[in-house]
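In what follows, a single structure is set out as structure tokens and then discussed.
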Ligand code: PMP
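In the UniProt record's numbering, the protein residues as written are 2 to 368.
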């Protein structure tokens with residue numbers, strides 16, 4: 002009989018089993034209407050119900066204030082690296098923006114923004130993405146149109162466990178890899194975006210939550226599909242949206258709601274990552290995580306095996322052994338090497354325990 006597969010991938014990532022089963026059940030004939038969501042007009046009343054249900058669930062789960070628009074866009078997180086400056090960098094005359102760069106994804110976002118205005122990295126450059134520079138060394142530019150940061154750096158496993166103090170400036174956050182993993186006070190942000198394929202669904206749709214009064218200042222070269230005012234004004238239906246991905250997101254949000262909402266997700270995510278970090282911390286250096294304990298991610302746990310800089314042959318052995326037990330996609334990002342265990346909402350405490358037991362066993366055999 003088939004052994005269980007546990008997907009620790011960084012995204013696209015594991016989805017709740019019940020979501021997959023429901024999607025399977027409804028695939029051919031959605032809700033008795035005789036066609037699939039895959040075949041449905043985005044202007045039909047049935048799809049209207051789907052997209053409205055997805056938005057309402059999101060508003061409920063995050064308690065999104067009424068003066069915020071919610072959009073379901075294409076182009077991924079990377080599309081938003083462009084859309085954010087195209088829509089917001091013109092909010093102030095100077096066309097400049099402040100960026101906090103704590104890893105690959107915020108670095109890419111800052112680089113993209115440079116095409117459209119001046120970018121100020123508010124802290125001394127980091128030699129390694131293993132910590133968040135202390136706010137005492139931040140120098141915010143008072144004439145910046147917004148302050149940008151990545152809430153969870155997926156490659157490096159660096160997560161903000163606080164909301165940066167932007168000194169009244171408009172705060173923009175990439176929450177792609179920790180969206181809905183805990184409660185968030187949306188009112189502190191000008192804009193939040195997140196690709197769905199880690200915590201809230203499958204690839205193809207990116208959620209953008211934006212404060213209404215920031216709309217309407219897009220640069221004239223902003224492509225119409227990325228223009229927030231146009232997309233928000235058309236309830237994300239200016240052009241054909243990623244219909245099926247929006248439907249799947251609705252199912253995942255329903256699942257989060259039925260499982261206790263963002264508070265429950267936060268509790269479980271702490272527990273799961275705690276199980277893995279505990280093994281690392283008590284391994285006498287056999288496993289090592291380079292990230293400052295203050296900002297270790299609950300979502301992506303990166304670690305090396307054998308010695309601090311990693312013993313690549315041993316790491317290969319670790320991955321092969323894991324794979325034999327059904328644990329897949331544990332390889333670290335190609336830019337950093339080593340191992341990375343991604344523990345998004347759909348990964349269970351039991352899944353984390355299976356990995357922890359394997360780590361203990363592997364240590365015993367190879368230490
Ligand atoms: N931001 C973060 C934090 C990410 O992890 C990723 C993808 N891994 C992206 C942005 C880019 O997303 P996409 O591939 O959907 O463009």
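The beta-carbon is built from N, C-alpha and C at its ideal position, and this holds for glycine as well.
Q | Paired residues, beta bridge with residue 357 - DSSP | A | DSSP, once it has assigned bridges, lists no residue as partnering residue 357.
What distance in whole Å lies between the Cβ atoms of residue 208 and residue 16, which are believed to be in contact at a cut-off of 8 Å?
Contact flag wrong, Cβ pair sits at about 16 Å.
Item checked: residue 203 vs residue 276 beta-carbon contact at 8 Å -> Cβ atoms of residue 203 and residue 276: not closer than 8 Å.
| query | Relative to the ligand PMP, is the shortest distance from any of its heavy atoms to the C-beta of residue 151 smaller than 7 Å? | reply | The answer is yes for residue 151.
field: Contact under 8 Å by Cβ, residue 157 with residue 337
entry: It is a contact, given that the beta carbons lie within the stated cut-off.
Examine the ligand PMP and report whether any of its heavy atoms sits within less than 7 Å of the Cβ of residue 55.
Residue 55 Cβ: outside cutoff for every heavy atom of the ligand PMP.
Report task. Please specify which runs of the beta strand (DSSP E), each continuous and at least 3 residues long, are wholly inside the region 90–178, giving them in chain order. Result -> Counting only unbroken stretches of 3 or more residues, the beta strand (DSSP E) elements lying wholly within the region 90–178 are 97–100, 119–122, 148–151 and 172–175, in sequence order.
ask   = In the structure shown, what three-state DSSP assignment does residue 345 receive?
value = If DSSP states are grouped into helix, strand and coil, residue 345 belongs with coil.
Just checking my contact of residue 103 with residue 130 at CB under 8 Å: how many whole Å lie between their CB atoms?
Their Cβ separation, rounded to whole angstroms, is 6 Å, which keeps residue 103 and residue 130 in contact under 8 Å.
Quick check on residue 57: does DSSP put it in helix, strand or coil? Taken through DSSP and simplified to helix, strand or coil, residue 57 comes out as helix.
- Grouping DSSP H, G and I as helix and E and B as strand, with all else coil, what is residue 261? Secondary structure of residue 261 (DSSP, three-state): coil.
By Cβ distance below 7 Å, which residues in the same chain neighbour residue 241 in space, the five residues on each side in sequence not counted? Excluding residues within five positions, the ones whose Cβ falls inside 7 Å are 43.
Practice problem: Could you pull the start and end residues of the beta strand (DSSP E) that residue 304 belongs to? | Solution: Secondary structure note for residue 304: its beta strand (DSSP E) is the uninterrupted segment 301–306.
**Study point:** Chain-order list of residues whose beta-carbon lies under 6 Å from that of residue 267 (same chain, five-residue window excluded)
**Key:** For residue 267, where only same-chain residues beyond five positions count, the Cβ hits under 6 Å are 183.
*Can we count residue 284 as close to the ligand PMP, meaning its CB is less than 7 Å from some heavy atom?*
Shortest gap from the CB of residue 284 to any heavy atom of the ligand PMP: 7 Å or more.
| Which residues bound the alpha helix (DSSP H) around residue 12? | The continuous stretches of alpha helix (DSSP H) do not include residue 12, and DSSP gives it neither H nor E.
Check your understanding: For residue 255, which residues from the same chain have a beta carbon less than 6 Å from its beta carbon, with the 5 sequence-adjacent residues on both sides left out?
Key -> Cβ neighbours of residue 255 beyond the five flanking positions: none.
Checklist entry - Hey, how far is the Cα of residue 26 from the Cα of residue 49? => result Whole-angstrom Cα-Cα distance: 21 Å.
query: Who does residue 336 pair with in a DSSP beta bridge?
result: DSSP lists no bridge partner for residue 336.
- Can you list the alpha helix (DSSP H) stretches of 4 or more residues lying completely in the region 251–297, in chain order? Fully enclosed alpha helix (DSSP H) runs of 4 or longer: 262–282.
Problem - residue 144 to residue 82 span [Cα, whole Å] - result: About 20 Å.
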